Amino acid sequence: MPRVVGVDIPNNKRIEYALRYIYGVGPKVAERILKEAQIEPEVKAKDLTEDEVSRIAGIIERNYQVEGPLRRIVQGNIARLRDIGCYRGLRHRRGLPVRGQRTRTNARTRKGPKKTVAGKKGVKELSRG
Amino acid sequence: MARSQKKGPHVEEKLFRKVMVAKQTSSFVPIRTWARRCMIVPEFIGQKFEVHNGRTFLPVTITEDMVGHKLGEFSPTRTYRGHGAGKKK
Numbered sequence: 000m001p002r003v004v005g006v007d008i009p010n011n012k013r014i015e016y017a018l019r020y021i022y023g024v025g026p027k028v029a030e031r032i033l034k035e036a037q038i039e040p041e042v043k044a045k046d047l048t049e050d051e052v053s054r055i056a057g058i059i060e061r062n063y064q065v066e067g068p069l070r071r072i073v074q075g076n077i078a079r080l081r082d083i084g085c086y087r088g089l090r091h092r093r094g095l096p097v098r099g100q101r102t103r104t105n106a107r108t109r110k111g112p113k114k115t116v117a118g119k120k121g122v123k124e125l126s127r128g
Numbered sequence: 000m001a002r003s004q005k006k007g008p009h010v011e012e013k014l015f016r017k018v019m020v021a022k023q024t025s026s027f028v029p030i031r032t033w034a035r036r037c038m039i040v041p042e043f044i045g046q047k048f049e050v051h052n053g054r055t056f057l058p059v060t061i062t063e064d065m066v067g068h069k070l071g072e073f074s075p076t077r078t079y080r081g082h083g084a085g086k087k088k
């Protein structure tokens, strides 16, 4: 199995999809990488030649932030918001949605699993249904 | 949606003038303001403000990292003391 940028070992899918297993590479970036490397997006990742793999790796290293460094950048941005005490930072500290979404219902991605509150309106209906 | 590049950052003229005056006289009296929508520009660094949150003025000291945010972002408008049986007020 081919290895691109460190530990990422995409499997026997077409490379256009396999590349997306790298943090920081989505549909568009994968498309651009393959275009620049002149590799057909339909080829299975395992069928790539050594040369093609190194071409992909080279392009990623030169042009894109991925994996560890990218994660660190994102963490740094959040840390900055927390430190300056702005509204978005406060929302990050509390683990609530940052971009103005409703929190009366939903928002479970940020808030985590439900903590049922007795006597709250709607609890009875929920448990019956 | 982001603001149009053409317009440039929104900075309240009057507030900006006040900041410049304060800088020249190196006064450390915080500037009271209601202009929550005013973008923080590099000239504001080190300046102290008191930003209205709808009820009171909250002190905000501008640091370099705050540039590009708006004054209102540092003066929360909502009160939330938490839910639950906690007997505290």
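Protein sequence lines correspond, in order, to chains A and B.
In case it helps, numbering that gives the first Met the number 0 puts the first sequence at residues 0 to 128.
In case it helps, numbering that gives the first Met the number 0 puts the second sequence at residues 0 to 88.
Glycine included, each C-beta is placed from N, C-alpha and C at the ideal position.
In this text the structure is predicted, and so the values were computed from the model without any measurement.
- Taking CB atoms only, residue 79 of chain A has a neighbour in chain B less than 7 angstroms away.
- Taking 7 angstroms as the CB threshold, residue 72 of chain B lines the interface with chain A.
- Each residue's CA atom was taken as its position, placing residue 14 of chain B and residue 30 of chain A some 48 angstroms apart.
- Minimum Cα-Cα distance from residue 10 of chain B among the listed residues B:0, B:27, B:24, B:36 corresponds to B:36.
- Interface residue (Cβ-Cβ distance to chain A less than 7 angstroms): residue 68 of chain B is classified as such.
- Annotation: residue 69 of chain A to residue 27 of chain B spans about 40 angstroms, alpha carbon to alpha carbon.
- Apart from the 5 residues on each side of it in sequence, residue 38 of chain A sits with its Cβ closer than 6 angstroms to the Cβ of 51 in its chain, given in chain order.
- Around the CB of residue 59 of chain B, 16 or more other CB atoms lie within 10 Å, so the residue is classed as buried.
- Note that the C-beta distance between residue 66 of chain A and residue 22 of chain A is below 7 angstroms.
- In terms of beta-carbon proximity, residue 38 of chain B stays away from the interface with chain A, with every pair separated by 7 angstroms or more.
- Interface annotation for the region 82-110 of chain A against chain B: 82, 83, 84, 85, 86, 87, 89, criterion Cβ-Cβ distance under 8 angstroms.
- Shown here for residue 47 of chain B: same chain residues with a beta carbon closer than 6 angstroms to its own, the five before and five after excluded, namely 29, 60 in chain order.
- Membership of residue 9 of chain B in any beta strand (DSSP E) is not indicated, and neither H nor E is assigned to it by DSSP.
- Residues of chain A with a Cβ closer than 7 angstroms to the Cβ of residue 75 of chain B are, in chain order, 86, 89.
- Judged by DSSP in its simplified three-state form, residue 27 of chain B adopts coil rather than helix or strand.
- For residue 0 of chain B, no CB of chain A lies under 7 angstroms from its own CB, so it is not counted at the interface with that chain.
- Bridge pairing for residue 51 of chain B: B:56 [DSSP].
- Residue state for residue 3 of chain A is assigned as strand, using DSSP reduced to three classes.
- Residues of chain A with a Cβ closer than 7 angstroms to the Cβ of residue 62 of chain B are, in chain order, 83.
- For the set A:115, A:114, A:95, A:116, the Cα lying nearest the Cα of residue 106 of chain A is the one of A:95.
- Here DSSP, grouped into helix, strand and coil, assigns residue 43 of chain A to strand.
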